[in-house]
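Engineer: Heads up, the sequence shown is in this note's numbering, so the first residue is 2 and it goes up one at a time.
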Amino acid sequence: MLQCFSAWAENASLQQSNVAIKSAEVEAKVQRLAEELRCLVCDNQTLADSNAELAQSLRKEIRAMASKGKDDEAIINALVMHHGDFIRYRPPQKITTLLLWFAPTALLLVVGVSLLIWLRRWEKKTSDGTLGLDEACEATILLNKES
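Structure (structure tokens):
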């Protein structure tokens with residue numbers, strides 16, 4: 002009977018140590034993923050840095066998926082499908098993200114070039130040899146003084 006109890010206690014001890022090891026691995030995975038993901042309600046903070054309720058909820062969700070044995074990519078993909086690429090702290094380089102970065106600069110260049118073209122055409126119209134109203138008045142006054 003004593004041997005049976007001893008074997009049972011040893012088995013329980015091994016199971017507890019396995020659970021502790023698995024729990025430590027899960028927590029390490031949660032921490033690693035929380036540093037790669039953005040808090041959706043905080044400005045420029047990762048899930049690991051944030052104390053917001055949503056960040057805590059997302060960490061619990063990550064912990065639940067990690068406990069079920071999902072790998073990092075599967076967890077990130079699940080969160081991206083639900084929250085979009087914004088949840089990634091370093092979003093992937095896609096056409097849409099590149100467009101967000103370079104569209105304002107391109108728009109400023111187009112407006113600047115258009116303004117330069119318009120100003121040059123306007124200068125040509127005013128300097129085509131005809132006198133404006135002010136210039137005509139000055140010329141008339143000068144001609145009248147000379148005569």
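A virtual CB, placed ideally from N, CA and C, is assigned to each residue, including glycine.
Quick one: give me the first and last residue of the alpha helix (DSSP H) that Asn-78 is part of.
Structural biologist: Reading the sequence shown from its first residue, position 77 is the one you call residue 78. Residues 73 to 84.
Engineer: Roughly how many whole angstroms lie between the Cα atoms of Val-111 and Asn-145?
Structural biologist: The sequence position of residue 111 within the sequence shown is 110, counting from 1. The sequence position of residue 145 within the sequence shown is 144, counting from 1. Their Cα atoms are separated by approximately 49 Å.
Engineer: In whole angstroms, what separates the C-alpha of Leu-48 from that of Leu-109?
Structural biologist: For this step, residue 48 is matched to residue 47 along the sequence shown. For this step, residue 109 is matched to residue 108 along the sequence shown. C-alpha separation (whole angstroms): 35 Å.
Engineer: Please name the residue or residues paired with Leu-38 in a DSSP beta bridge.
Structural biologist: In the sequence shown, residue 38 corresponds to position 37, counting from 1. Leu-38 is bridged to Arg-89.
Engineer: Please work out which residues of its chain come closer than 8 Å, Cβ to Cβ, to Gln-32, disregarding the five sequence neighbours upstream and downstream, and give them in chain order.
Structural biologist: Translated into the one-based positions of the sequence shown, residue 32 becomes position 31. Excluding residues within five positions, the ones whose Cβ falls inside 8 Å are Ala-49.
Engineer: Cα separation between Trp-102 and Ala-140?
Structural biologist: The residue you call residue 102 lines up with position 101 of the sequence shown. The residue you call residue 140 lines up with position 139 of the sequence shown. Distance between the alpha carbons of Trp-102 and Ala-140 is about 55 Å.
Engineer: Taking buried to mean at least 16 other C-beta atoms within 10 Å of its own C-beta, is Met-66 buried or exposed?
Structural biologist: For the purposes of this step, residue 66 is taken as the residue at position 65 of the sequence shown. Looking at its Cβ environment, which holds 16 or more other Cβ atoms inside 10 Å, Met-66 is buried.
Engineer: From Ala-79 to Pro-105, what distance separates their C-alpha atoms?
Structural biologist: The sequence position of residue 79 within the sequence shown is 78, counting from 1. The sequence position of residue 105 within the sequence shown is 104, counting from 1. Going by the C-alpha atoms only, they are around 32 Å apart.
Engineer: Can you give me the start and stop residues for the alpha helix (DSSP H) that Ser-58 sits inside?
Structural biologist: Position 57 of the sequence shown, counting from 1, holds the residue named residue 58. From DSSP, the alpha helix (DSSP H) with Ser-58 extends over 54 to 68.
Engineer: If we ignore side chains and look at the alpha-carbon of each, how far apart do Gln-57 and Lys-30 end up?
Structural biologist: Translated into positions along the sequence shown, residue 57 becomes position 56. Translated into positions along the sequence shown, residue 30 becomes position 29. Going from the Cα of Gln-57 to the Cα of Lys-30 covers about 15 Å.
Engineer: Does the Cβ-Cβ distance between Ile-63 and Leu-34 come in under 8 Å?
Structural biologist: Residue mapping note: residue 63 aligns to position 62 of the sequence shown, counting from 1. Residue mapping note: residue 34 aligns to position 33 of the sequence shown, counting from 1. A contact, by the Cβ cut-off of 8 Å.
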